[in-house]
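Presented below is the structure to which this report refers.
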Amino acid sequence: MINRYYLLLLFCFISLFSIAQEDVDLDRFTKNNITKPNILSTHSFGVFFNRLQGHFEREAPNKNYINFSIESGNIWSPPVNVYIPKNEADRAIVRGYNWDQAHRAFDENTIDKDSFNLANDGVIKGFKAAVNIRLAEKHELQIGIRTYLLTKGKTPFSIFTNDTIIEDFHDNIAGGNDPFDRRVFGLNKANITYNDRAGNTVTIDAGDFFATGIEASYYYYPDFIKNKTIGVNFGGHLGANLSKSNSSLDFGVSANAIKTIGINDRNTFNLGLSLGSLRKGLVNFKSDNVMFGTNNFIGFLETALEYSFISKKGTIHTFGTDFYFQTSLNKKDELEYIIPIRNEMAFNSWGQGVTNLYKNNNYWTFIYSFGKKTTTFFYVQQDLTVNNNPDIQTGFGFRFNI
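In this text, residue positions in the sequence shown follow our numbering: the first is 1264, and each later residue adds one.
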């Protein structure tokens, strides 16, 4: 059966092209791209490999440019152990229980099983830089680097993403008292521990830099669409993961489209649509790489809407919204027979850090930017479905020509 998300994608592409305008009024203000920072979430697994996102440009850049961004995302999930029965007969019995009651089916000390455990706490800071180089009229190369730092999230370095602010929001606005057991384990702490089913371990403490990687993307801009308001590009992506937990190469492909709708000489809209797929660990440089998910192929779908206006002094202001969807990190059918074991201190949402590894991943990002030669951007990101992205993520950065 064709996945419904790919049917939705096909519909969006057809809709995007069908609203093409035949001519462009040259007196109108137009913008050839969507101003978008690196919006990938600081997911505690996702940061360890190269993930793909939309490249909403109508044409290869006339001038080379640099993007630099800093992001801050709060991560949290209580400690939990997970057992995976090896025997199909045992799995069939576990399927008769809800995941939070599956431990009643067996004695965890005697069942033939694999296991892993996970606990996340802290604020992850991401530091990313990329240079985009015009190779020719239809060809562009992007080379970037990423690295992450785990912090306790104390102010003033994490004003909106620290534990105290989030729990004050839950107390006074939405969520209720300590809905995720942060206070039970202590606020403003930082540690990530993960032991995969092969026995490989990740331990990250406050102040540790981790998950560094180098990424290269090549974009080709075909001219088969003869319309000045639509741009399409296709990308090939290679990522080198350089951390001690995951030393490997990832490879992916993407398709990106942007549609410009001019309003008048000072206002315009841009719509963006992107689809891609990544092969994690295409080449592994060491045998004991940590398993960050059982799905080797990760797909994504991204849509963006941007409103822009140019001031009388020539400053371009943009307001944008971006929806990002990613397929699950773990194979979904395994959720039917895993046996999570609750930590004795945890009561609220105690298993979400594990169960959400089997769910599709999605979040919204809201972006504001302004600038002339140098563009400054700010964004806030929210995981509205609570599927194990950061509760809230913020970021800012710059784009300037070189």
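Don't be surprised by glycine CBs; every beta carbon is placed ideally from N, CA and C.
{"Asked": "Bridge-paired residues (DSSP) for G1709", "Found": "Only positions 1264 to 1665 of the chain appear in the structure, and residue 1709 is not among them; the question remains open."}
{"Asked": "The stretch 1431–1449 contacting the stretch 1610–1622, beta-carbon criterion three pairs below 8 angstroms", "Found": "yes"}
{"Asked": "Straight-line Cα distance separating E1430 from G1416", "Found": "13 angstroms"}
{"Asked": "Stretch pair the stretch 1553–1564 + the stretch 1587–1596: three plus CB contacts closer than 8 angstroms", "Found": "yes"}
{"Asked": "Three CB pairs or more closer than 8 angstroms across the stretch 1387–1407 and the stretch 1332–1349", "Found": "yes"}
{"Asked": "Same chain, Cβ closer than 6 angstroms to P1342, neighbours up to 5 away in sequence not counted", "Found": "A1382 and N1606"}
{"Asked": "H1433, enclosing alpha helix (DSSP H) - first and last residue", "Found": "D1426 to N1435"}
{"Asked": "Spatial distance of N1533 from N1625 (CA atoms)", "Found": "22 angstroms"}
{"Asked": "Closest by C-alpha distance to L1647, when choosing among P1419, G1438, S1378 and I1408", "Found": "G1438"}
{"Asked": "Own chain residues within Cβ distance below 6 angstroms of L1620, not counting five before or after", "Found": "L1592 and N1593"}
{"Asked": "Contact between the stretch 1391–1401 and the stretch 1468–1487 (3+ Cβ pairs under 8 angstroms)", "Found": "yes"}
{"Asked": "Option nearest K1706 by Cα separation, candidates T1584, A1461, S1517 and F1572", "Found": "No answer is possible for residue 1706: the residues shown for the chain start at 1264 and end at 1665."}
{"Asked": "Contacting residues, own chain, Cβ-Cβ under 7 angstroms from F1379 (five flanking each side not counted)", "Found": "V1345, N1458, D1459 and R1460"}
{"Asked": "Given L1412 as reference, the closest of T1475, T1464 and Y1360 once Cα atoms are compared", "Found": "T1475"}
{"Asked": "Cβ-Cβ separation, S1511 to G1539 (assumed contact under 8 angstroms), whole Å", "Found": "The Cβ separation is near 18 angstroms, so there is no contact."}
{"Asked": "Pairwise C-alpha distance: A1352 and R1644", "Found": "Going by the sequence as given, residue 1644 is Gln instead of Arg. Straight-line Cα distance between these residues: approximately 43 angstroms."}
{"Asked": "Three-state secondary structure assigned by DSSP to K1491", "Found": "coil"}
{"Asked": "Spatially closest choice to K1294 from I1526, L1505 and G1470, by CA coordinates", "Found": "I1526"}
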